[in-house]
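Please read the structure below before turning to the comments.
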Amino acid sequence: MRFLARLLSAVIPLTLLLGGVSEAREWKAIEASGTIKAATEGAFQPFNYYEGSTLTGFEVELAEAIAKKLGLKLEWSVVPFDAQI
């Protein structure tokens, strides 16, 4: 039991260090580009779904309102849920 506890106390921090990292753009870069990027699954009603060929839903409308308030164009990427993390 002690061996397992020691092993896990060494392995868990290592997995956190080796996990994939993503770097967000800085605000100045976002502002200069005039575009903010967002990802969604596009198949989770009522939050995000397609109405014909138009992406819509609560999440979509909220993101568009935020982008408008910031004076930015919103660029959507529709990807599977497990690829968003």
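When we follow this note's numbering, the leftmost residue of the sequence shown carries the number 11, and every step to the right adds one.
Glycine included, C-beta positions come from ideal geometry on N, C-alpha and C.
Spatially closest choice to residue i from the options, by CA coordinates
| i | options | result |
| --- | --- | --- |
| residue 64 | 22, 87 and 77 | 87 |
| residue 62 | 71, 68, 52 and 69 | 52 |
| residue 45 | 12, 82, 60 and 13 | 82 |
| residue 89 | 74, 39, 59 and 77 | 59 |
Whether residue i touches residue j by CB criterion (9 Å)
| i | j | result |
| --- | --- | --- |
| residue 84 | residue 42 | no |
| residue 68 | residue 91 | no |
| residue 9 | residue 50 | The shown model of the chain, from 11 to 95, leaves out residue 9, and the question about it has no answer. |
Identified DSSP bridge partners for residue i
| i | result |
| --- | --- |
| residue 25 | DSSP, once it has assigned bridges, lists no residue as partnering residue 25. |
| residue 85 | 47 |
Contact test: residue i Cβ vs the ligand NAD heavy atom, cutoff 8 Å
| i | result |
| --- | --- |
| residue 14 | Ligands are entirely absent from the displayed structure, and the ligand NAD is therefore not among its contents. |
Could you tell me which whole beta strand (DSSP E) segments of length 3 or greater appear in the segment 26-67? 45-50, 58-61 and 64-66
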